[in-house]
Amino acid sequence: MKGRTDQTIPADMSGLVDILDGIAILLEEEGFPFELISDVQLATDEAVTNAILHGYDGKQGEVRVIAEADDREVIIIVEDRAPAFDPVAFVSRDVSKDGEDRPIGGLGLILIRNVMDEVMYRREDEKNIFTMIKRRS
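For the sequence shown, the working numbering gives the first residue as 4, with consecutive numbering after it.
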């Protein structure tokens, strides 16, 4: 059986906790281990925060998060109508430099790529659709 949650929040940080709690409940019900739940929440937090802070940049809008899980994997889809931005094509920052010498930004995308098994992006119907997959094994 596949579990699912589908939540839409305003493009501000006020609803992020509800999104993360919904994902935790879904994954707990599907029997995912705590470490995997934490990774998925962290990646989702980064993706939603990026959409709100960088995509909408203070403008009004909404972010929709769909989570589907079964005994093999969890799929997280983050949708927004902010200007087009492909985080998969985004060039990673050089993390070998000291903090002061490194440009600001981009580390959240590196984190997402490190904790999730797959990340995909597409632009459809004027929406950014960012998909992240984490497998149980």
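A virtual CB, placed ideally from N, CA and C, is assigned to each residue, including glycine.
> Comparing alpha-carbon positions, which option in G111, A70, D74 lies nearest V81?
Replying inline: Along the sequence shown, one-based indexing puts residue 81 at 78. The shortest Cα separation from V81 among G111, A70, D74 belongs to A70.
> Terminal residues of the continuous beta strand (DSSP E) containing Q187?
Replying inline: No information on residue 187 is available, as it lies outside the stretch 4 to 140 that the chain covers here.
>> With DSSP as the reference, identify every bridge partner of R67, one or two as the case may be.
In response: Looking up residue 67 in the sequence shown gives position 64. Answer is T11, E82.
> Using the C-alpha atoms, what's the distance from A14 back to D60?
Replying inline: Counted from its first residue, the sequence shown places residue 60 at position 57. Counted from its first residue, the sequence shown places residue 14 at position 11. Whole-angstrom Cα-Cα distance: 9 Å.
> From D42 to R84, what distance separates their C-alpha atoms?
Replying inline: Within the sequence shown, numbered from 1, the residue matching residue 42 stands at position 39. Within the sequence shown, numbered from 1, the residue matching residue 84 stands at position 81. Straight-line Cα distance between these residues: approximately 25 Å.
> Using a Cβ-Cβ cut-off of 6 Å (strictly less than) and excluding sequence neighbours within five positions of F35, which residues of its own chain qualify?
Replying inline: The sequence position of residue 35 within the sequence shown is 32, counting from 1. Same-chain partners within the cutoff: there are none.
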